[in-house]
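All residue numbers for the sequence shown refer to the UniProt record's numbering, where the first residue is 1 and numbers rise by one.
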Amino acid sequence: MTKRESKRESKREARRGAEPGFVPFADDAAVRTLGALSFENGTARIALHGSCEITRDRVGLALARELARTAAAIVAALEAQDLPERVAEPEGDAERAEPVRNPFT
């Protein structure tokens with residue numbers, strides 16, 4: 001990798017890690033994406049979708065650090081709460097039965 005490519009990749013990594021709106025379990029809307037791996041926030045659970053390749057280079061190291069920071073934030077959020085033994089599973093779509101404003105009207 002040339003110096004120019006390395007600088008470009010470093011800038012991409014900085015932008016990728018700059019997702020301050022992701023606070024674990026704070027809402028049902030925030031998504032944090034690292035590589036092709038998405039952390040979908042929820043008030044009861046966080047869903048992970050996709051894949052992530054950690055390469056043996058500086059880019060891989062930066063990505064691994066962001067994954068570790070995200071996982072640490074999730075663990076810290078869980079440790080800071082009085083947790084039930086198990087979260088109740090939603091009954092069908094009953095948990096999501098709240099009306100949502102149509103964004104196209």
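Glycine included, each C-beta is placed from N, C-alpha and C at the ideal position.
Does residue i come out as helix, strand or coil in the three-state DSSP assignment?
i	result
residue 53	coil
residue 78	helix
residue 102	coil
residue 61	helix
residue 47	strand
residue 18	Any answer about residue 18 is weak, because its pLDDT of 42 lies below 50 and its placement is not dependable; what the coordinates show is given next. Coil.
residue 13	Model confidence at residue 13 stands at a pLDDT of 46, short of 50, so the residue's coordinates are unreliable and nothing is read from them.
residue 66	helix
residue 26	coil
residue 85	coil
Using DSSP's beta-bridge definition, name the partner residues of residue i.
i	result
residue 31	40
Would the beta-carbon of residue i be found less than 7 Å away from any heavy atom of the ligand NAD?
i	result
residue 30	Although the ligand NAD was asked about, the structure shown includes no ligands whatsoever.
Considering Cα atoms alone, identify which of the options is closest to residue i.
i	options	result
residue 51	37, 58, 57 and 42	37
residue 89	98, 45, 55 and 67	45
residue 53	71, 23, 34 and 98	34
residue 100	56, 59, 25 and 29	29
residue 48	85, 91, 71 and 26	71
residue 25	73, 32 and 43	43
Evaluate the contact criterion for the segment 73 to 89 versus the segment 56 to 64: three or more CB pairs, one atom per stretch, below 8 Å. no
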